[in-house]
Amino acid sequence: MPDATEEYPNLESVPLDAPQFEVAAKNVKRTEYVTFAAFVLGFIGFAAFGAAYTQNAPTYLLGLTIGLGLFFFGFGLVSWGKYLMPQGPFSEPRPLMETTRQEKELLKADFTSRGKVAIKRRSFLVKAMAAAGGVFGIVAAFPLIRSLGPLPKNSLMTTKWRKGSYLTTIYGDRVKPSDVAVGGIVTVFPEDDLGSAISQTILLRVKESGPIVTMPGREDWAPDGFVAYSKVCTHAGCPVGLYEHLEQLLVCPCHQSMFNVKDGAMPVFGPAPRPLPQLPIYIDSDGYFRARAGYDEPIGPGFWTRGGTA
Amino acid sequence: MIDAIYNWIDDRLALSKSGRHLLNKIFPDHWSFMIGEIALYSFIVLLISGVFLTLYFVPSGATVIYHGAYKPLDGTRVSDAYASTINITFAVRGGLFMRQLHHWAANIFVGSIVVHMLRVFFTGAFRRPREANWMIGATLLILAIFNGFLGYSIPDDLVSGTGIRIAFSILESIPFVGTNLAFFLFGGNYPGKDIIPRFFILHVLVLPLIILALLGAHLGMLVKHKHSQFKGRGARNDNVVGSPLWPNYAAKAGGFFFLTTGVTAILAALIQINPIWQYGPYVPYKVSYAVQPDWYMGWLDGALRVMPSWEIHLPGHMIPNVFFPGILLPGVTFTLIYLWPFIESKFITHDYAEHHLLDRPRDNPMRTAIGSAVFAFYFVLFGASSTDVLANYLQVSLNVVLWIFRISCIVVPIIVFPIAYKICLELQQVPEAGKRKRHMIIVRDDQGAYHSVDSEEYPGYIAPELAPVKIEDVDLAPEIEALNTSADRPDEGIYQIPRE
Numbered sequence: 005m006p007d008a009t010e011e012y013p014n015l016e017s018v019p020l021d022a023p024q025f026e027v028a029a030k031n032v033k034r035t036e037y038v039t040f041a042a043f044v045l046g047f048i049g050f051a052a053f054g055a056a057y058t059q060n061a062p063t064y065l066l067g068l069t070i071g072l073g074l075f076f077f078g079f080g081l082v083s084w085g086k087y088l089m090p091q092g093p094f095s096e097p098r099p100l101m102e103t104t105r106q107e108k109e110l111l112k113a114d115f116t117s118r119g120k121v122a123i124k125r126r127s128f129l130v131k132a133m134a135a136a137g138g139v140f141g142i143v144a145a146f147p148l149i150r151s152l153g154p155l156p157k158n159s160l161m162t163t164k165w166r167k168g169s170y171l172t173t174i175y176g177d178r179v180k181p182s183d184v185a186v187g188g189i190v191t192v193f194p195e196d197d198l199g200s201a202i203s204q205t206i207l208l209r210v211k212e213s214g215p216i217v218t219m220p221g222r223e224d225w226a227p228d229g230f231v232a233y234s235k236v237c238t239h240a241g242c243p244v245g246l247y248e249h250l251e252q253l254l255v256c257p258c259h260q261s262m263f264n265v266k267d268g269a270m271p272v273f274g275p276a277p278r279p280l281p282q283l284p285i286y287i288d289s290d291g292y293f294r295a296r297a298g299y300d301e302p303i304g305p306g307f308w309t310r311g312g313t314a
Numbered sequence: 040m041i042d043a044i045y046n047w048i049d050d051r052l053a054l055s056k057s058g059r060h061l062l063n064k065i066f067p068d069h070w071s072f073m074i075g076e077i078a079l080y081s082f083i084v085l086l087i088s089g090v091f092l093t094l095y096f097v098p099s100g101a102t103v104i105y106h107g108a109y110k111p112l113d114g115t116r117v118s119d120a121y122a123s124t125i126n127i128t129f130a131v132r133g134g135l136f137m138r139q140l141h142h143w144a145a146n147i148f149v150g151s152i153v154v155h156m157l158r159v160f161f162t163g164a165f166r167r168p169r170e171a172n173w174m175i176g177a178t179l180l181i182l183a184i185f186n187g188f189l190g191y192s193i194p195d196d197l198v199s200g201t202g203i204r205i206a207f208s209i210l211e212s213i214p215f216v217g218t219n220l221a222f223f224l225f226g227g228n229y230p231g232k233d234i235i236p237r238f239f240i241l242h243v244l245v246l247p248l249i250i251l252a253l254l255g256a257h258l259g260m261l262v263k264h265k266h267s268q269f270k271g272r273g274a275r276n277d278n279v280v281g282s283p284l285w286p287n288y289a290a291k292a293g294g295f296f297f298l299t300t301g302v303t304a305i306l307a308a309l310i311q312i313n314p315i316w317q318y319g320p321y322v323p324y325k326v327s328y329a330v331q332p333d334w335y336m337g338w339l340d341g342a343l344r345v346m347p348s349w350e351i352h353l354p355g356h357m358i359p360n361v362f363f364p365g366i367l368l369p370g371v372t373f374t375l376i377y378l379w380p381f382i383e384s385k386f387i388t389h390d391y392a393e394h395h396l397l398d399r400p401r402d403n404p405m406r407t408a409i410g411s412a413v414f415a416f417y418f419v420l421f422g423a424s425s426t427d428v429l430a431n432y433l434q435v436s437l438n439v440v441l442w443i444f445r446i447s448c449i450v451v452p453i454i455v456f457p458i459a460y461k462i463c464l465e466l467q468q469v470p471e472a473g474k475r476k477r478h479m480i481i482v483r484d485d486q487g488a489y490h491s492v493d494s495e496e497y498p499g500y501i502a503p504e505l506a507p508v509k510i511e512d513v514d515l516a517p518e519i520e521a522l523n524t525s526a527d528r529p530d531e532g533i534y535q536i537p538r539e
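Heads up: the protein sequence lines correspond to chains A and B, in order. The number in my numbering is simply the position in the first sequence, starting from 1, with 4 added. The number in my numbering is simply the position in the second sequence, starting from 1, with 39 added.
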């Protein structure tokens, strides 16, 4: 496909009464009136905005007045530029970006030698300078990066749940079985970590009474129809805040992962790859919920050093 | 007086030597060149409205008890950031308007960058010598998306806070360095205390400065290369045909700035956006229904949703599920965008020549088909970010909706590719396609016979027979040209044009 179209010559000398210098408007008078009207409307809009602002008018009036003012002002300018100025077309030459081999070599020579004394002969200086500068470049980034935050170390592996931690509400009240009806849920925290984004745990009453065995080996983890899971989604970390009582599914509202409450919170739908970790709980002699132990695996979404266990 | 000031400045900067050349700069008239301008003008609106907002916004995550103009929140424990945003909304005169203007301008900014990018892609404007400018443009898109995310995150409301949590999860999913990166950015494990001030300074200083610098480079290269242009009207590879900077383009572009700003302001006035007082403050253990990011993050959110529940388990290590949609997908996307000019010339066109004349999409069916299929893929992902809302609205099972999207993001591009390809081939056979049609008017003459005549041209129509006039040869003031302008000026004096 040829790039150059030679249908039209570039005109060099054109009389000023050539059609290229005429305006584009067909009906000049009407276009002038419309343009004038647009500027008048712009004037009115801006003035109205001033009035609205001094009167502390509501948002829609402030925005509408200045918005319409700007719009009509712009309309007038565009109409003037598009229809009431020489219609052209005009052209200007475009130098291509290609350079000659000579030009390339000359700049290169300027850069590297300047008459062979400045740089070429002292390449050991260039190397020493580059080495010093390079080390500076590397160490300059050290404090910047390292001071921004602590290293993760083990902190993603654990929560504040310990053996014997009370399950407490956000207000610090210890939870008893009578606080939650069947089908009800309550978000609980360890007493020393109220409101925590990491330790947040959801306590559900799945049925009236009797233990819930969510999987073999967890026979005494969920007493009296209650079960507790980490509230941090194993997909992207959102709080798993919805409970479909009839289907006994915990639902994450962010990406709709669903976890089967009676089956160890195994994901049954959506992108979540792992079950929610289960917190082993018991009811102590005073009738309060407490943790048998902390979580036996890291809560929340995955990370490189989490390990390969499901 | 004005003459004297002009002469004083000119004798110190010699503006009159280069000034005429600048005024003569030619801008092509095609409408599609305006899309990038919308992005530029939105950015100006963002800077102005953003400065206003920083005067009142408090970038701190510290907890305060809210007492202020918005009574439903009275006595609530919120962060400084949230409280000050509520304060801007309800207590600062014009504050809600400025917030909505800023948010609308941000959405338009990213949107116009995307559409501008599609224009550049489908017309082949990224070809040599503009490959580097294409890559700068892609970088600007990434920065715009990031800065938009940072911007809607810092008010610390319930919706954006959830977004920050997801961002942490995506960051920590990166193999080897992810947890370190996340801890460095957040100043510790999620949620940390530093995220609001850090996001703030990135949002209002660091990223805008980088955007501004790259914008300068983007426009500088554009001036150096001069505009690309469509064929016809005497356009050639070695010229630019259109309107001169002064006065036509200045009036049109200046007016277009006000039009863009005006429309943004009207949107901000009438259509509510990001009503954070309804969302409530961010609390890590709370979440609301239909949590969705701003539109330009939609494709990523959709990708998170349609991703099957896979992850890779290695001895002692893992590659989490969100790594694939959250890091790998955008990484691959932007790598392909960056490399596209080179991929195309090496594998498709085998064309390494300098191009200033644009293709129409049909001229390169392979490029158009690939671009359409890829765009369709991201469009499906974008749709997938509302699976829950669609399921609710259509009263269909979420399962069905999710699977429709999972299948669609593979099937739709496969369908789009051949269709786009065929349409291009068909259009190539129709020379009149894409030309503006004129109505045909049936008239009856005195004898009662019917004739058809073409309607009048639309206003602004430039007759195709007009050849372009070389702007540097336009001689508007022969009497001044005739003046002796040789260098023998009086040493001390200001050069005066004699007047009558």
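We put the beta carbon where it would ideally sit given N, CA and C, even for glycine.
B:Met346 versus chain C: which residues are under 7 Å apart at the beta carbon? The structure shown contains no chain C; the protein chains it does contain are A and B.
Which residue's Cα is closest to the Cα of B:Tyr335: B:Ile152, B:Val262, B:Asp493 and B:Arg399? B:Ile152
Closest to B:Pro457 by C-alpha separation, out of B:Val419, B:Trp338, B:Leu353 and B:Ala412, would be which residue? B:Ala412
If contacts are defined as beta-carbon pairs under 8 Å, then A:Leu65 and A:Ala56 qualify, I think. What distance do you get, rounded to the angstrom? 5 Å
Count the other CB atoms, across all protein chains shown, that sit within 10 Å of the CB of B:Gly200; report buried if there are 16 or more and exposed otherwise. Its Cβ being crowded by 16 or more others within 10 Å, B:Gly200 is buried.
Please report whether the beta-carbon of B:Arg272 lies at a distance below 8 Å from any beta-carbon of chain A. yes
Determine, using beta-carbon pairs with one atom in the segment 56 to 76 of chain B and one in the segment 233 to 240 of chain B, whether at least three such pairs fall under 8 Å. no
For B:His490, does the three-state DSSP call read helix, strand or coil? strand
Given A:Tyr299, which residues of its chain have a CB within under 7 Å of its CB, disregarding the five upstream and five downstream residues? Thr163, Trp165, Ser234, Pro281 and Leu283
Cβ neighbours of B:Tyr288 in the same chain (closer than 7 Å, five flanking residues each side left out): Phe66 and Ser282
Relative to the C-alpha of A:Phe76, which residue among B:Met137, B:Ala304 and B:Leu284 is closest? If we check each option's Cα against that of A:Phe76, B:Ala304 comes out closest.
Taking the alpha helix (DSSP H) that A:Ala135 falls in, what are its first and last residues? Ser127 to Arg150
Environment of A:Ala113 [buried if 16+ CB atoms lie within 10 Å]: exposed
Completely contained beta strand (DSSP E) runs for the segment 236 to 287 of chain A, where each covers 3 or more residues: 246 to 248, 253 to 255, 262 to 264, 270 to 273 and 285 to 287
Specify whether the segment 82 to 91 of chain A and the segment 291 to 300 of chain B touch according to this definition: at least 3 beta carbon pairs, one from each stretch, less than 8 Å apart. yes
Can you give the Cα-Cα distance for B:Gln379 and A:Leu207, rounded to whole angstroms? A small correction: the amino acid at residue 379 of chain B is Trp; Gln does not occupy that position in the sequence shown. When rounded, the distance between both Cα atoms is 52 Å.
Between the segment 253 to 261 of chain B and the segment 171 to 190 of chain B, are three or more C-beta pairs nearer than 8 Å? yes
Burial state of A:Glu102 (16 or more Cβ within 10 Å): exposed
Assign B:Arg51 to one of two classes, buried (16 or more other C-beta atoms within 10 Å of its C-beta) or exposed (fewer than that). exposed
Could you compute how far the alpha carbon of A:Phe193 sits from the alpha carbon of B:Ala206? 24 Å
Chain A contact for B:Glu393 (CB, 8 Å cutoff): yes
Using a Cβ cut-off of 8 Å (strictly closer), state whether A:Met89 contacts chain B. With its beta carbon less than 8 Å from one in chain B, A:Met89 belongs to the interface.
For A:Phe307, I'd like the list of residues in its chain whose CB is within less than 7 Å of its CB, leaving aside the five on either flank, ordered along the chain. Leu160
Hey, does A:Thr162 have any beta-carbon neighbour from chain B nearer than 8 Å? no
For A:Pro220, I'd like the list of residues in its chain whose CB is within less than 7 Å of its CB, leaving aside the five on either flank, ordered along the chain. none
Run through chain A and tell me which residues come within less than 9 Å of B:Asn431, C-beta to C-beta. Chain A residues near B:Asn431: none, gap ~11 Å exceeds 9 Å.
Residue range of the unbroken beta strand (DSSP E) whose run includes B:His352: Ile351 to Leu353
Tell me the start and end of each unbroken alpha helix (DSSP H) in the segment 35 to 78 of chain A that is at least 4 residues and wholly inside, in chain order. none
Best match in B:Arg344, B:Tyr377, B:Gly355 and B:Pro354 for proximity to B:Phe362 [C-alpha to C-alpha]: B:Arg344
Could you have a look at B:Asp196 and say whether DSSP puts it in helix, strand or coil? strand
Contact defined as beta carbons within less than 8 Å: I believe B:Arg158 pairs with B:Ser88. What is the distance between those atoms, to the nearest angstrom? B:Ser88 and B:Arg158 do not touch by the CB rule: their CB atoms are close to 26 Å apart, not below 8 Å.
Amino acids of chain B, ordered along the chain, whose beta-carbon sits closer than 9 Å to that of A:Met101: Neighbours of A:Met101 on chain B, chain order: Arg167, Pro168, Lys263, His264 and Glu393.
Contacting positions in the segment 284 to 307 of chain B - beta carbon closer than 9 Å to chain A: Of all residues in the segment 284 to 307 of chain B, Pro286, Asn287, Tyr288, Ala289, Ala290, Lys291, Ala292, Gly293, Gly294, Phe295, Phe296, Phe297, Leu298, Thr299, Thr300, Gly301, Val302, Thr303, Ala304, Ile305, Leu306 and Ala307 have a Cβ within less than 9 Å of some Cβ in chain A.
List the residues of chain B whose Cβ lies closer than 7 Å to the Cβ of A:His239, in chain order. Per Cβ cutoff of 7 Å: Asn360 and Val361.
Taking a contact to mean a Cβ-Cβ separation below 8 Å, would you say B:Ser494 touches B:Ile481 in this structure? no
Run through chain B and tell me which residues come within less than 7 Å of A:His259, C-beta to C-beta. Leu343 and Arg344
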